[in-house]
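Participant:
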DNA sequence: CATATATGTCAACATGACTGACATAAAAAC
DNA sequence: GTTTTTATGTCAGTCATGTTGACATATATG
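Chains as they are written, first to last, in this note's numbering: chain A, -12 to 148; chain B, -12 to 148.
#1: Which residues, in chain order, does the segment 123 to 140 of chain B contribute to contact with chain A at a C-beta distance below 9 Å?
#2: With 16 as the cutoff for other CB atoms within 10 Å, does residue 107 of chain A come out buried or exposed?
#3: Please name the residue or residues paired with residue 91 of chain A in a DSSP beta bridge.
#4: Is the beta carbon of residue 18 of chain B closer than 9 Å to that of residue 112 of chain B?
#5: Does chain A have any CB closer than 9 Å to the CB of residue 104 of chain B?
#6: Does the CB of residue 9 of chain A have a neighbour CB from chain B at under 9 Å?
#7: How would you label residue 2 of chain A, buried or exposed, when you count the other beta carbons within 10 angstroms and need 16 or more for buried?
#8: Whether or not the segment 75 to 95 of chain A and the segment 7 to 15 of chain A are in contact is what I'm after, with contact meaning three or more pairs of Cβ atoms, one per stretch, closer than 8 Å; do they touch?
#9: Spell out the partners DSSP gives residue 49 of chain B in its beta bridges.
#10: Give the C-beta separation of residue 105 of chain B and residue 57 of chain B to the nearest angstrom, bearing in mind that I take them to be a contact with Cβ-Cβ under 8 Å.
#11: Can you list the residues of chain A that residue 32 of chain B reaches, using a CB-CB cut of under 8 Å?
#12: For the candidate residues B:93, B:131, B:117, whose alpha-carbon lies nearest to that of residue 45 of chain B?
#13: For residue 129 of chain A, does the count of other Cβ atoms within 10 angstroms reach 16, so buried, or fall short, so exposed?
#14: Could you give the distance in angstroms between the alpha-carbon of residue 146 of chain B and the alpha-carbon of residue 89 of chain A?
#15: Using beta-carbon positions only, say whether residue 144 of chain B and residue 11 of chain A come within less than 9 Å of one another.
#16: Please list the segments of the alpha helix (DSSP H) lying wholly inside the segment 105 to 147 of chain A, counting only runs of 4 or more residues, in order along the chain.
#17: State yes or no: is the beta carbon of residue 98 of chain A nearer than 9 Å to at least one beta carbon in chain B?
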């Protein structure tokens, strides 16, 4: 075996390092999503609703196709949550002007308020983590995260210029 | 409005920065989990099975309670997937020696093989991202991710000594 | 005019979470 | 040594969120 004397096996270290990454992602996502769930439950909503509200709030006047492309779910799955959100007045749909087949999505005042309330927790979590880690670490975080994402979606996160 | 002349509003930048973090986490997790799903489907398993296999592989002889504490799901939910994995010979249970109420969990050969196959994709994804980002960025990534995790679970990821 | 596209809808199903109630065996406390 | 707590399992029912497949409508495009 390699490095019996030093007790360090570089391959083992690498394996350890990679598994740590996997676990960091698991735990971070678990805790990151747990907080808004409490609020969502009060509205009778789930995580899927949060995702829709989030991305519609982030990309006003986005089309259903665009949203489907981000969420990577089927239109039938989206239809249920989106339908509820429209029905209950959190999101409005209006036909596109250039292409009248499109249903452009937008948050209502009520939707904006819920989005703010939901995302606030997550923003606070990031703000704390960023502050404690420092600017340089944040840059490293971005770099690695960007590299984890499928190539098609990396342009959504332009690197440092 | 602040900084009309420079066109820079620091509060807006901060908001942008935090939202980018939120989105990085969403996309990374989405793509990170998508790959093993293909293999799991061939076995008639889902993501929940992968999580159980992963953590049992990582912590041999772990108890059911420990596993529940990591996954943060109910024992009823765990019971189904764990039961299947035991039934189909991927995991074995044996009573603890110190405390004979415990059922210590362990991967079988078959389980180890499946774990390897499943996690390999994710390890490769991390390996590439780490390599492209560089050692310093990886350190920043770790720092931020650790800060995102609930305080109780941070000791699982000791900082740099 | 024919075809492709954007969207929606109906139906059936699978997975993985939940709550609540109850059961058993072993450890720990008194 | 009896009582209580703990670790685990199980039965039953429900819900949220994903899937596939088929079909419908309106509009854009060739």
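Glycine residues also receive a C-beta, built at the ideal position from the N, C-alpha and C atoms.
Facilitator: Put simply:
#1: Listed by position along the chain: 123, 124, 125, 126, 127, 128, 129, 130, 131, 132, 133, 134, 135, 136, 137, 140.
#2: Exposed, because fewer than 16 other Cβ atoms sit within 10 Å of the Cβ of residue 107 of chain A.
#3: In the DSSP assignment, the residues bridged to residue 91 of chain A are A:81.
#4: Cβ distance < 9 Å, so residue 112 of chain B and residue 18 of chain B count as in contact.
#5: No, no contact with chain A.
#6: Yes - at least one Cβ of chain B is within 9 Å of the one on residue 9 of chain A.
#7: That one is exposed.
#8: They do not touch, by the three-pair rule.
#9: B:92.
#10: The C-beta distance from residue 105 of chain B to residue 57 of chain B rounds to 17 Å, too long to meet the 8 Å contact threshold.
#11: Correct list: empty, because the minimum Cβ distance to chain A is about 17 Å.
#12: Measuring from the Cα of residue 45 of chain B, the nearest candidate turns out to be B:93.
#13: Taking a 10 Å sphere around the C-beta of residue 129 of chain A, we find 16 or more other C-beta atoms and assign the residue as buried.
#14: Approximately 50 Å, taken between the alpha carbons.
#15: If you check the CB distance, residue 144 of chain B and residue 11 of chain A come in under 9 Å.
#16: Listed in chain order, they are 122 to 135.
#17: Answer no: the Cβ-Cβ gap between residue 98 of chain A and chain B never drops below 9 Å.
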